[in-house]
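In terms of full-length UniProt numbering, the sequence shown opens at residue 1 and continues consecutively. In this text, a Cβ means the ideal position worked out from N, Cα and C, and glycines have one as well. Scroll down for the structure; my scribbles are underneath it.
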Amino acid sequence: IAAVKYAELSTRRDVDYVFSPEKVLSPKGNTAPYILYSLVRVKGILRRAGWAAGIPSELRGKPNLLSDMVYHLHRNDLDRQLGVRLLGFAIAIEDAIQTLMPSKLTAYLYSVCLLFNAFYEECEVTKATDEGLRLTRLLLVHGVRQVLEKCLDLLGIQAVETL
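If you want it as structure tokens, here you go:
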């Protein structure tokens, strides 16, 4: 059901299309299986890092956390791109609401997943040797989780733990 719902919402309402079960269920492209797979991957990283319940309390209020993040985001292009994309979350929601086109939110969601999966393939997260870099990347992954879960919730699609 999530796959069909996502396919309907990701299609612009002013464009005709032919329903294709193969396309809707594909694990590649702007589909629910791809989005949900990305979320499961995000949750796996956070679980392995001990962040399944959220940001550890000992990090809250850490004095140099923000400056460490800024430093590391400027050093790695994928980290920076992902961080900037996450910052576009509110704009994506506002755009979808103002135009009454949920397809704009699904396009944003897909773009976050594409960047996250490229980031996942290229960047060490839990095994990063520099502690500041590790924390920065874990915070990015945590941000991806929040954005994916909120987008799915807004679209009326239940987030999953496993596939």
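Considering only their Cβ atoms, is the gap separating residue j from residue i smaller than 8 Å?
{"i": "Y6", "j": "T106", "result": "yes"}
{"i": "residue 194", "j": "V144", "result": "This structure cannot settle anything about residue 194, because the visible part of the chain is limited to 1 through 163."}
{"i": "V141", "j": "V125", "result": "yes"}
{"i": "L135", "j": "D68", "result": "yes"}
If you follow the alpha helix (DSSP H) that residue i is in, where does it begin and where does it stop?
{"i": "P102", "result": "P102 to E122"}
{"i": "S67", "result": "L65 to R75"}
{"i": "A2", "result": "A2 to S10"}
{"i": "A90", "result": "F89 to T99"}
Please report the Cβ distance between residue i and residue j, rounded to the nearest whole angstrom; I am assuming they are in contact, meaning their Cβ atoms lie under 8 Å.
{"i": "C123", "j": "S38", "result": "Not really, about 15 Å apart at Cβ, beyond 8 Å."}
{"i": "N30", "j": "Y110", "result": "4 Å"}
{"i": "L100", "j": "L9", "result": "The pair is not a contact, with the Cβ atoms about 12 Å apart (cut-off 8 Å)."}
Given this structure, state the Cα-to-Cα distance separating residue i from residue j, to the nearest angstrom.
{"i": "V4", "j": "T129", "result": "42 Å"}
{"i": "P21", "j": "S103", "result": "19 Å"}
{"i": "A159", "j": "V70", "result": "30 Å"}
{"i": "A96", "j": "E149", "result": "17 Å"}
{"i": "A90", "j": "L152", "result": "14 Å"}
Is DSSP giving residue i helix, strand or coil here?
{"i": "E149", "result": "helix"}
{"i": "Q158", "result": "coil"}
{"i": "Y17", "result": "coil"}
{"i": "R60", "result": "coil"}
{"i": "A52", "result": "coil"}
{"i": "P33", "result": "helix"}
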